[in-house]
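In the UniProt record's numbering, the protein residues as written are 1 to 217.
To keep things clear, I will list the structure first and then write my remarks on it.
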Amino acid sequence: MDWQTLLVNDRVIAALVTALVGGGVVAAGWFWTHALSRRRDKLLRSERVNDIQRALLAEIRAHVVALERQSDAGGWQITGPITDEDYLPILPHDANDRIFRAIVEEVHMLPEWVIDPVVRYYRLLAVRAALAQDIRSNAKDYPRRTAEMFGDYLLLNDETLDTGLDAMEILTASLHGGLREVTSMLARRQREIEGDAVAAAQTPDGVNTRSSDQKDL
Numbered sequence: 001m002d003w004q005t006l007l008v009n010d011r012v013i014a015a016l017v018t019a020l021v022g023g024g025v026v027a028a029g030w031f032w033t034h035a036l037s038r039r040r041d042k043l044l045r046s047e048r049v050n051d052i053q054r055a056l057l058a059e060i061r062a063h064v065v066a067l068e069r070q071s072d073a074g075g076w077q078i079t080g081p082i083t084d085e086d087y088l089p090i091l092p093h094d095a096n097d098r099i100f101r102a103i104v105e106e107v108h109m110l111p112e113w114v115i116d117p118v119v120r121y122y123r124l125l126a127v128r129a130a131l132a133q134d135i136r137s138n139a140k141d142y143p144r145r146t147a148e149m150f151g152d153y154l155l156l157n158d159e160t161l162d163t164g165l166d167a168m169e170i171l172t173a174s175l176h177g178g179l180r181e182v183t184s185m186l187a188r189r190q191r192e193i194e195g196d197a198v199a200a201a202q203t204p205d206g207v208n209t210r211s212s213d214q215k216d217l
C-alpha cells in the first residue's frame, strides 16, 4: 500500500481527525486551566495586598492618634536654659511596628506608590526608638547632652506624626481606588499647598492697600 492510498483511507482520515480534535481539546483545556490558575493567583495576591495595606493602616493610625493627643496636650517641652538639674520625662517603651516587622518580607508586593511613604514612616520609628534608647542610656551620666538629644527627639516626634499622616492618606486612597485615587488625592493636596502659598503671600497690609486704592477711585 503506497502513501497516496494510505492517505485517502477512511480509517486513517478518521484517526487523524480524532487525534487532531483530541489534541486540540487537551491543549484548550491546558490553556483554560492555566488562565483560571493565573486569575485565581491574581485575585489571591490582590486580596493579600489589600489585607497588608489595611493592617498597616490600622497600625499607623493607632500610633498617629497617640502622637496627635500628645501634640494637642502640649506634649513634652524643655523651657529655660538647659542645666544639669533639668528634669527629663521617662520615654515610653512603645512597639509600633509589630505588624510591619511581621510582613516585612512581603513589602515588595505592595503598590510602588505605597512602599515609599510606608517605609519612610517605619524608618523614622526605628530612628526614634534608637534615639530614645540613647537618651535613657545617657540620662544619668550626661544630663546636658541628654537634654539636647531630647530636643531632637521632640522634633523627630513631629516629623513622625507628619509622615504617619501622609502614609495614612496614601494607604486610604490606595485601598479605595488604587493609583487613580492616589493621583487624585496628591493633585488635591498640591492645589491646597498652592492655595495656602497664595493666601500667605496676600499680607494684611497688601490687602488694605488695594482696598484703599479702590476707595480713592
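A virtual CB, placed ideally from N, CA and C, is assigned to each residue, including glycine.
Between the alpha carbons of I52 and V21 lies a gap of roughly 46 Å. Distance from the Cα of A95 is smallest, within the candidate group Q133, V26 and G29, for Q133. A straight line joining the alpha-carbon of V198 with that of A62 spans about 34 Å. Counting only runs that start and end inside the stretch 123–168, there is no alpha helix (DSSP H) element of at least 4 residues. When the alpha-carbon of M185 is set against those of A173, M109 and I193, the nearest one is in A173.
In the three-state scheme derived from DSSP, where H, G and I count as helix and E and B as strand, L110 is classed as coil. Under the three-state reduction of DSSP output, I115 falls in the helix class. Residue environment analysis places T160 among the buried positions, since at least 16 neighbouring C-beta atoms fall within 10 angstroms of its C-beta. Between M109 and M149, the alpha-carbon positions lie close to 37 Å from each other. A direct Cα-to-Cα measurement between E106 and L67 gives close to 27 Å. CA-CA distance, L125 to D97, rounds to 8 Å.
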